[in-house]
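Participant:
Numbering (this note's numbering), first residue to last: 67 to 364.
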């Protein structure tokens with residue numbers, strides 16, 4: 067272990083830092099090698115401290131939420147993985163403020179309890195609020211960014227500031243936060259009051275629409291849809307459903323999903339990703355771009 071790691075562990079607390087932590091257990095894909103260091107920040111203050119210390123020491127950082135929409139390399143991550151567990155939630159009338167580490171499922175349930183509508187389309191989508199906002203997650207022509215009022219971030223120079231929605235650069239499956247070192251700490255939503263039963267019905271409707279998606283471990287959709295086309299339909303038309311490499315397979319249910327049949331390696335997933343890209347380009351002259359984030363060494 068190098069001296070920088072030893073110093074960081076000492077400052078964060080030896081009992082709080084995991085060594086050579088297998089990242090497969092922290093991702094929905096159940097794929098990925100070990101992280102040199104693994105630290106779970108229980109509060110915003112702990113997160114900021116860990117980021118500042120690691121940054122000062124020149125140690126690579128990756129902020130982990132629920133582990134969806136990522137593919138961790140088989141060789142793992144050289145640096146520190148900081149898992150965000152800031153799950154604070156405050157509701158005042160139609161204004162909902164949440165910590166970035168709050169699971170989306172918890173937010174949706176709390177909105178239902180308080181008769182607040184708007185985010186029902188996110189029902190059944192795994193992940194945390196911070197991750198969803200970073201990627202402007204959504205479904206069926208709705209995006210989470212549409213309901214954001216402002217976002218609290220740790221800026222690249224260490225400042226904690228609020229960014230208004232208009233400055234978040236929300237686009238389809240994109241935001242400013244995917245293109246810089248800013249870390250989302252909290253999110254404020256503007257939602258409307260509505261009859262509780264109607265909200266429940268919408269949640270059930272969107273949940274039922276996801277029943278056709280694969281149940282096996284996956285990262286979610288691999289590719290961004292090249293509007294107006296669907297990535298899954300293009301891949302299916304190339305005859306790639308059920309294509310398999312090792313323990314990884316393009317799902318029979320939805321071709322924009324690659325599933326882990328058990329013991330799949332990141333290298334196998336990458337091989338299937340490259341196959342889909344090349345075949346779609348060859349047949350339709352369309353470039354597929356990845357929605358998932360690759361993390362670590364492959």
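Every residue gets a Cβ at the ideal spot worked out from N, C-alpha and C, and that includes glycine.
Excluding the five sequence neighbours on either side, which residues of its own chain have a C-beta within less than 7 Å of the C-beta of residue 129, listed in chain order?
Facilitator: The residue you call residue 129 lines up with position 63 of the chain shown. Excluding sequence neighbours, residue 129 sits near 148, 150, 249.
Participant: Rounded to the nearest angstrom, what separates residue 215 and residue 231 at their Cα positions?
Facilitator: As a working mapping, residue 215 is identified with position 149 in the chain shown. As a working mapping, residue 231 is identified with position 165 in the chain shown. Rounded to the nearest angstrom, the two C-alpha atoms are 5 Å apart.
Participant: Could you tell me how far apart the beta carbons of residue 95 and residue 137 are, in whole angstroms, since I believe they sit closer than 8 Å?
Facilitator: Residue 95 sits at position 29 when you count from the first residue of the chain shown. Residue 137 sits at position 71 when you count from the first residue of the chain shown. 6 Å between Cβ atoms; contact.
Participant: Just reading off the beta strand (DSSP E) that residue 71 is part of, what are its end residues?
Facilitator: Counting from one through the chain shown, the residue named residue 71 turns up at place 5. Counting along the chain, residue 71 falls outside any beta strand (DSSP E), though it belongs to the alpha helix (DSSP H) covering 69-78.
Participant: Classify residue 226 as buried or exposed, calling it buried when 16 or more other Cβ atoms lie within 10 Å of its own Cβ.
Facilitator: Position 160 of the chain shown, counted from the first residue, corresponds to residue 226. Classification for residue 226: exposed.
Participant: Return helix, strand or coil for residue 273, following the three-state DSSP convention.
Facilitator: Residue numbering aside, residue 273 sits at position 207 when the chain shown is read from its first letter. Of the three classes helix, strand and coil, the one that applies to residue 273 here is helix, per DSSP.
Participant: Return the residue from the list 220, 222, 201 that minimises the CA-CA distance to residue 212.
Facilitator: Mapped onto the chain shown, residue 212 falls at position 146. Among 220, 222, 201, the Cα nearest to that of residue 212 belongs to 201.
Participant: Just how far apart, CA to CA, sit residue 160 and residue 206?
Facilitator: To locate residue 160, count along the chain shown from 1; it is residue 94. To locate residue 206, count along the chain shown from 1; it is residue 140. The straight-line gap from Cα to Cα measures roughly 23 Å.
Participant: So within the region 214-298, which uninterrupted beta strand (DSSP E) runs reach at least 3 residues, ignoring any that extend past its ends?
Facilitator: 214-220, 226-230, 249-256
Participant: Would you kindly report the start and end of the unbroken alpha helix (DSSP H) that includes residue 394?
Facilitator: Residue 394 falls outside the range modelled here, since the chain spans only 67 to 364, and no answer is possible.
Participant: Taking residue 346 as part of the alpha helix (DSSP H), name the residues at either end of that continuous run.
Facilitator: Along the chain shown, one-based indexing puts residue 346 at 280. 332-350 is the span of the alpha helix (DSSP H), which, as asked, contains residue 346.
Participant: Where DSSP assigns a beta bridge to residue 183, which residues make up the other side?
Facilitator: Your numbering for residue 183 matches position 117 in the chain shown. Bridge partners of residue 183: 258.
Participant: List the residues that DSSP assigns as beta-bridge partners of residue 314.
Facilitator: Counting from 1 along the chain shown, the entry for residue 314 is found at position 248. Its beta-bridge partners are 311, 326.
Participant: What number of angstroms, rounded off, separates the C-alpha of residue 173 from the C-alpha of residue 164?
Facilitator: The count along the chain shown starts at 1 and reaches residue 173 at position 107. The count along the chain shown starts at 1 and reaches residue 164 at position 98. Taking the straight line from one Cα to the other gives about 8 Å.
Participant: In this structure, how does DSSP classify residue 172 when only helix, strand and coil are distinguished?
Facilitator: Here residue 172 refers to the residue found at position 106 of the chain shown. Residue 172: helix per DSSP, three-state reduction.
Participant: Pop quiz: residue 157 and residue 105 are said to be a contact at Cβ under 8 Å. What is the actual Cβ separation, rounded to whole angstroms?
Facilitator: Here residue 157 refers to the residue found at position 91 of the chain shown. Here residue 105 refers to the residue found at position 39 of the chain shown. Actually they do not touch by this definition, with Cβ atoms about 29 Å apart.
Participant: If we count the other Cβ atoms within 10 Å of its Cβ and call it buried at 16 or more, is residue 277 buried or exposed?
Facilitator: If you number the chain shown from 1, residue 277 lands on position 211. Flag for residue 277 reads exposed.
Participant: When we look at the beta-carbon of residue 344 and count the other beta-carbons within 10 Å, is it buried (16 or more) or exposed?
Facilitator: Position 278 of the chain shown holds residue 344. Flag for residue 344 reads exposed.
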